[in-house]
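Here is the structure we will look at, set down as structure tokens.
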Amino acid sequence: MTRGKRRGQSSSFLPLLFIVGILCIASYFIWDSFYTPKGTAENTTIIEKNGTSSVRLGESKNFIETNDVDQLLEGESIRSKSGETILVFFDDSSLTLDKGAITTISQARKLKRDSSIHIKTLLSEGRVWLHVSPKINPQSYFTLTTQNFSLKSQGGKFSVDQNSVAVIEGSGVIHIGKNYSKDMEVGQKIEFTQQDFEKIKAGGNGPDKTGITVEFQNSDWFTKNASEKISIPKDTPLSETTSSTTEEKVEETENQNMEESSPEKITIITPGKNDDTITTNKKNVPISGTVPSGTQKVIVNDYTLSKFKPGDTTFKYNAAVEWKTLHEGRNEYSVVALKDDKRYEANITVVYDPDYKEEISEELKDTPSEEASSSVQEEIKEEKKNEQTNQTQKENEGSLSFTSIKDGDILTDEIILVSGTAPKNTAKISVNGYTLSQFSEGDTSWNYKMANAFGNRKAGDQTITVKALDADGEIIDTKTIEVHIEEFIEDGINSKYMPNIREDTLPPVKQDDFGGPTI
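Here this note's numbering is used: the sequence shown runs in plain steps of one and ends on residue 522.
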């Protein structure tokens, strides 16, 4: 008996094939929307300076002489054999390879989904100087990976080898594995040992950050790279995105002239005005001012201000000795505001001289200029007030002063002790308007404490004013200092949640000791 042909068997696969086809097409469009194909990735330009290099192209496993090779694609590598080799990326970021360094371009592209720039490089050997061009798009980043860690940044200058990172400008984040990350700011350096890497991988903590040393700043490596501006030679072939025609240059010049004539500009207010040169003996010099309405980002010397939010019209940057952003001698600061496709810039120079003694002219003392900044006017008023009380101080034994902290200090302790001396005939001491009840007439020293638990330790730039009064309530002397208070965090918990712990472990503290409520 012959079996009949089974009908409909072949057609049962059609719905499945249709679904698979739809999924394939959808997957392609999703992939194409989120990633630029490798073949159209942006080229990276090679510049050789007083030396030679070799490259590893395509799928090759061997390095060959550079010769006529002047660009690298994703997946290709370069080794600096002598002198210096510089890689310039399509976004104007650059990577300077020291002799013997080997770098691979892992990724260099602008994503279609959000126009963000993603650049990734692998440093397998040696030392490099990385300059990350500032990024406006928050999704953009430059990642440099070594054999032990990765450095991710949206703008700055860094010295990087297999075991250390030094931040010359800007900021970045170091990642090791999935659980370790370390924020790095300008002027900071971190150096790992092999034991540190093993400890971190086992779940432990890494080494502490330190400041960049004077020896490093005086080294040939730092001197050679810190102030050098990378420019691409005119005869170097560039990719379409980095090439610049004569018409584009003319248009750029016209745009610059329009910006210069535009009423929108950056106005520096403190410590001086645009293009001023200010000499000071202060260790902490805030640089502040205004920017055009609609500014999206403010950058000072390649460091993006983290507290500036798009739409703000004022900015503030702290140049401080402790943060390595203020050095003895001449310090030049460039303030850049980015707004849409426009760029505004203003400059100021601060000369830090610890031995400098500021002199205020008699004319300024009597009639402060309307154009003078508020901080300058306050200094003038304070100077006049000090002159008026100077004779009274001489007649008394001792003087009003701060002894535990000084002007410009950056304070980080959970409980900040503010103490000082007072003239012998002082009857009362007030700190920021609060009268210390524990101070007795005739005492020549005073104490005041600031803590989150008592509501008088506010993070940020703070003014502390202390006044000495006699028995009649007349002011004998007044002293004021400016400090910066860092937010205190312990084990990931903000210290403002610590009052209950204090109640359990500490005896009652009188109100005037802390300037806050009695515990």
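Each residue gets a CB set at the ideal place from its N, CA and C atoms; glycine is no exception.
Coarse secondary structure for Gln165, derived from DSSP in three states: coil
Under 8 Å between C-beta atoms of Ile193 and Ser167: yes
Val72 (DSSP reduced to helix, strand or coil): coil
Secondary structure of Gln441, DSSP reduced to three states: coil
Any 3 or more C-beta pairs closer than 8 Å across the segment 49-60 and the segment 88-98: yes
Whole-angstrom C-beta distance between Ser143 and Gly159, which should lie under 8 Å: In fact, because the Cβ distance is near 13 Å, the residues do not count as touching under 8 Å.
Coil, strand or helix - Asp410 by DSSP: coil
Residues near Gly209 in its chain [Cβ-Cβ closer than 6 Å; skip 5 each side]: Asp199, Ile203
Under 8 Å between C-beta atoms of Thr468 and Glu485: no
Which listed residue (Ser309, Thr481, Gly314) has its alpha carbon closest to that of Ser296: Gly314
Span of the alpha helix (DSSP H), counted from its first residue to its last, around Ala205: It is not in any alpha helix (DSSP H) - Ala205 carries neither H nor E in the DSSP assignment.
Three CB pairs or more closer than 8 Å across the segment 433-446 and the segment 315-322: no
Buried or exposed (CB count within 10 angstroms, at least 16 for buried), Asn284: exposed
Per DSSP, the bridge partner or partners of His330: None, per the DSSP bridge assignment.
Assigned secondary structure, Phe21 (DSSP; H/G/I helix, E/B strand, else coil): helix
Endpoints, the beta strand (DSSP E) within which Gln110 is located: 105-113
Counted within 10 angstroms of its Cβ, other Cβ atoms place Phe21 as buried (16 or more) or exposed: exposed
Endpoints, beta strand (DSSP E) assigned at Val135: 131-135
Supposed contact pair Leu420 and Asn450 - C-beta distance, whole angstroms, cut 8 Å: 7 Å
Test item: CB-CB of Val354 and Tyr336 under 8 Å: no
Whether Arg82 touches Asp101 by CB criterion (8 Å): no
Bounding residues of the beta strand (DSSP E) (the contiguous stretch that carries Asn321): 317-323
Sequence-distant residues of the same chain with beta carbon closer than 7 Å to Asp305, five excluded per side: Pro137, Gly158, Gly159, Lys160, Glu172, Gly173
Simplified DSSP assignment, three categories, for Phe311: coil
Beta-bridge partners of Asp186, as assigned by DSSP: Val176
Cβ-based burial, Ser96 [other Cβ within 10 Å; buried from 16]: buried
Candidates Asn151, Lys113, Leu19, of which the one nearest Tyr183 by Cα: Asn151
Residue of Gly180, Asp117, Thr148 minimising C-alpha distance to Ile139: Asp117
Sequence-distant residues of the same chain with beta carbon closer than 7 Å to Lys482, five excluded per side: Leu403, Ser404, Phe405, Val469
Among Lys452, Ser433, Arg460, Ile302, nearest to Ile478 - alpha-carbon criterion: Ser433
Through-space distance from Ser448 to Thr216, alpha-carbon basis: 38 Å
Limits of the beta strand (DSSP E) - the one that Asn228 falls within: From DSSP, Asn228 is part of no beta strand (DSSP E) but of the alpha helix (DSSP H) over 223-229.
Buried versus exposed, by CB contacts within 10 Å (16 or more), Asp94: buried
Cβ-Cβ distance between Ala111 and Phe92 below 8 Å: yes
Buried or exposed by the 16-neighbour rule on C-beta atoms within 10 Å, applied to Lys64: exposed
Three-state secondary structure assigned by DSSP to Ile28: helix
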